[in-house]
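In our numbering, the protein residues as written are 10 to 207. Beta carbons are placed, not taken as given, at the ideal position from N, Cα and C, and that holds for glycine. First the structure, in the form of structure tokens, and then the observations on it.
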Amino acid sequence: MTSSEPPGTTPLDPDESEGLLHDHVSTREELNQLEEANIQLGQEWAQRRAVMTNRPVDVLIETFLFELHRRMFHEVWDWAGKIRKTNKNLGVDKAEIRPEVRKLIYDARYWRENSTYPPDELAVRFHHRLVLIHPFPNGNGRHARMMADLVVQQAGRPPFSWGDQSLTSTFELRSSYISALREADQGDLAPLVRFART
Ligand SMILES: Nc1ncnc2c1ncn2[C@@H]1O[C@H](COP(=O)(O)OP(=O)(O)OP(=O)(O)O)[C@@H](O)[C@H]1O
Ligand SMILES: [Mg+2]
């Protein structure tokens, strides 16, 4: 499975692939379709709760962040919404995930209260920090993009376009996304903010 993945994806550990809730899935395309249908449901759930309502829940809350991942993947993976139990080539040590997520949430709330950054930059910084933590066995990119969309929507801005096509399947787009993330790793957020709005 690993060698055919586009760049910047996290390989699944064998025991994590075992968390697949469907036993008839044999190709990556089938898996993608199942995941996409589930993500769609998660997105509708999030929009109803956090955007299209008179009493939106704040998305900068730990329980919301984990619940969103669960809603995006719970029909496909039994580890949906659960912190990863193994270390990866990307992401903090598994023991640091919970405290790092908590710190990120506090930082982002502070940025919001103090208008430390313009709303797009705030949401993109949040996205970048979250994928660097890499809380879940998989789905970190898609989850962190949706979180950023919700954060920016709650600031009254439209959701991001993230290159305007499927980042998971378009090789070139994915490469620009990953290189913008790498520039953010070096402290320059501008390319990622630009990418998020293309
Ligand atoms: N050098 C890097 N710096 C920061 N983040 C990175 C880097 N390389 C990869 N990432 C992030 O890790 C994500 C991949 O992690 P994972 O496979 O858990 O997410 P995913 O949702 O399955 O992936 P996808 O982006 O294909 O939808 C990428 O989408 C990207 O956000
Ligand atoms: Mg992945």
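- Secondary structure at residue 99: coil, using DSSP grouped into helix, strand and coil.
- In the structure shown, residue 86 adopts extended strand secondary structure according to DSSP, grouped into three states.
- In this structure, residue 142 lies away from residue 182, with their beta-carbon atoms at least 9 Å apart.
- Around the CB of residue 118, fewer than 16 other CB atoms lie within 10 Å, so the residue is classed as exposed.
- Judged by DSSP secondary structure, residue 116 falls within the alpha helix (DSSP H) whose first and last residues are 106 to 123.
- Remark: the C-beta of residue 41 is outside contact range of ligand 2, defined as less than 8 Å to any heavy atom.
- According to DSSP, residue 29 shares a beta bridge with 86.
- Between the segment 77 to 84 and the segment 42 to 52, the count of C-beta pairs closer than 8 Å reaches three or more; the two stretches touch.
- Here residue 167 is near residue 161, since their CB atoms are less than 9 Å apart.
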